[in-house]
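Numbering (my numbering), first residue to last: 145 to 605. Note that CB positions come from ideal geometry on N, CA and C, so glycine has one too.
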RNA sequence: GGCGGGUUGGCGGAGAGGUUACGCAGCGGAUUGCAAAUCCGUGAAGACCGGUUCGAUUCCGGUACCCGCCUCCA
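Next up, the structure:
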């Protein structure tokens with residue numbers, strides 16, 4: 145049995161991973177708020193956790209892993225987008241416009257993550273389908289004294305959970321001293337956070353014991369993970385920016401509502417993504433979505449490779465140079481494994497790297513070594529554990545038939561050798577190179593392959 | 001102000017208390033009409049200051065610089 149080790153944010157240590165139930169390893173990843181296209185930063189945890197799920201399925205069996213990733217479809221940005229459409233004259237009620245917007249965004253999200261080779265989770269709950277369960281949990285928290293209703297709001301009383309702040313290493317008093325908290329008249333303590341808030345007529349709302357309103361952000365993950373995974377489960381993952389307050393609040397709610405459960409045992413947090421050395425932000429003009437990259441012709445497999453080439457716990461810098469190098473490596477490997485059946489199992493070095501806190505960069509290095517040794521079957525089997533070199537992501541590398549051009553090159557070359565004049569050969573070679581074709585001439589013949597930046601439109605006729 | 005992360009060779013990026021990471025680029029060679037690709041070979045590192053140790057880039061402490069979070073942004 146492969147021993148998996150994972151760095152648990154909760155303990156700040158790398159620990160042996162022992163599932164609660166090896167017959168059903170359960171993990172939850174905080175999913176997107178579906179108001180717009182997923183940006184590249186959204187894709188990092190998805191791809192990283194996709195590799196973790198592949199590893200877990202490899203170790204515990206394909207049927208023994210349950211992977212949940214939610215869609216947050218209650219959100220002020222969604223409301224604003226829908227309201228803007230309504231004001232622009234779109235037909236339908238606000239609720240219908242919201243539903244349209246979130247359905248459309250979920251469709252985009254699926255298409256974009258599919259393009260990165262990320263397998264769909266077993267469950268993809270939508271917050272709006274779990275309003276009752278959220279209300280039930282909020283009711284329990286009020287009954288047990290961990291929450292209070294005031295002015296149409298329900299707030300979680302952070303002072304009633306002794307371990308509040310443990311995950312992120314903060315104390316309530318220090319945070320208040322920082323003074324960047326919303327002070328509201330209905331709060332007992334400035335750090336108390338919203339479980340339920342009132343909605344006016346311009347906002348989506350649900351009837352509740354506390355009046356028409358909508359849930360706060362954090363409660364959905366607590367309610368949905370409880371419903372789908374139980375009061376104790378193995379892994380909870382997300383970006384490090386969610387560590388506080390989102391995950392801290394999830395822990396407080398879940399542990400107070402279900403005091404006999406442990407909630408998530410292992411917390412995995414990935415570091416943030418940067419672009420050419422700077423934070424990705426709209427104001428810096430370096431903000432882009434996954435779809436933007438795909439539309440630029442960068443294959444999903446290349447994006448995936450780049451995302452996996454830095455360990456998940458380190459900041460990752462997206463650069464055009466990395467995409468170029470990744471494409472070259474993938475082309476080379478795809479050439480190597482063409483027509484080869486994968487080995488029965490991935491190479492031990494690759495499994496060992498992944499089992500060691502998901503060292504995807506180390507695993508890629510091991511793939512390079514397999515390629516260097518000419519072990520195509522091992523390379524293929526191992527790469528597939530990382531979701532690379534599979535059929536489904538391979539379209540970009542399958543070039544058109546260039547044999548006619550290769551034959552023309554050969555005849556020109558034979559003629560040139562006889563005439564000692566290579567100008568015609570060189571001219572064709574230059575045209576091919578400009579179209580991104582890789583030319584491999586040996587004394588036996590000419591082989592033409594689509595190379596980096598291949599553009600069929602520029603091929604010589 | 002509080003909390004967390006980082007600093008490795010030209011670039012990217014890992015592991016390991018003592019032995020080659022790996023990739024790209026470079027350099028030398030083979031090959032080629034010339035190239036490309038391929039193959040062979042090769043130089044190059046561990047922010048700074050202390051400590052522990054026979055020995056640290058790897059452990060501990062401090063300094064500097066960078067980054068993120070504390071604003072329902074992964």
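Spatial neighbours of residue i within its chain, please: C-beta separation below 7 Å, excluding the five flanking residues on both sides.
i           : result
residue 452 : 191, 195, 504, 508 and 530
residue 278 : 359, 363, 364 and 367
residue 431 : 183, 424 and 425
residue 134 : A query on residue 134 cannot be resolved here, the shown segment of the chain reaching from 145 to 605 and no further.
residue 336 : 299, 300, 301 and 302
residue 270 : 215 and 217
residue 280 : none
residue 533 : 477, 478, 481, 524 and 527
Residue i to residue j, Cα distance in whole Å?
i           : j           : result
residue 488 : residue 253 : 33 Å
residue 566 : residue 478 : 32 Å
residue 554 : residue 539 : 28 Å
residue 198 : residue 168 : 14 Å
residue 174 : residue 582 : 43 Å
residue 357 : residue 251 : 27 Å
residue 469 : residue 420 : 15 Å
residue 172 : residue 272 : 18 Å
residue 537 : residue 332 : 53 Å
residue 404 : residue 153 : 21 Å
residue 473 : residue 149 : 28 Å
residue 562 : residue 572 : 18 Å
residue 146 : residue 377 : 20 Å
residue 231 : residue 222 : 14 Å
residue 384 : residue 454 : 15 Å
residue 520 : residue 486 : 8 Å
residue 258 : residue 246 : 18 Å
residue 127 : residue 557 : The question about residue 127 has no answer here: the residues shown for the chain are numbered 145 through 605.
residue 371 : residue 413 : 23 Å
residue 560 : residue 545 : 24 Å
residue 334 : residue 343 : 22 Å
residue 435 : residue 598 : 20 Å
residue 443 : residue 437 : 8 Å
residue 494 : residue 189 : 20 Å
residue 294 : residue 225 : 29 Å
residue 518 : residue 496 : 20 Å
residue 506 : residue 391 : 29 Å
Please classify residue i as buried or exposed, where buried requires at least 16 other C-beta atoms within 10 Å of its C-beta.
i           : result
residue 448 : buried
residue 319 : buried
residue 397 : buried
residue 203 : buried
residue 381 : buried
residue 526 : buried
residue 166 : exposed
residue 352 : buried
residue 389 : buried
Determine the DSSP secondary structure at residue i, reduced to helix, strand or coil.
i           : result
residue 382 : strand
residue 101 : This structure cannot settle anything about residue 101, because the visible part of the chain is limited to 145 through 605.
residue 152 : strand
residue 473 : helix
residue 625 : Nothing can be reported for residue 625, as the shown portion of the chain is limited to 145 through 605.
residue 625 : As displayed, the chain neither begins before 145 nor continues past 605, which places residue 625 out of reach and without an answer.
residue 565 : coil
residue 551 : helix
residue 366 : helix
residue 237 : coil
residue 478 : helix
residue 423 : strand
residue 460 : strand
residue 183 : strand
residue 388 : helix
For residue i, which residues from the same chain have a beta carbon less than 8 Å from its beta carbon, with the 5 sequence-adjacent residues on both sides left out?
i           : result
residue 476 : 515
residue 595 : 475, 580, 581 and 582
residue 402 : 370 and 375
residue 418 : 424, 459, 460, 461 and 462
residue 157 : 151
Once the 5 residues before and after residue i are set aside, which same chain residues still bring their CB inside 6 Å of it?
i           : result
residue 393 : 337 and 362
residue 261 : 448, 531 and 537
residue 446 : 467, 470 and 471
residue 305 : 396 and 400
Can you check DSSP and say which residues form a bridge with residue i?
i           : result
residue 210 : 170
residue 414 : 383
residue 590 : 585
residue 338 : 299
residue 291 : 300
residue 357 : 342 and 350
residue 267 : 212
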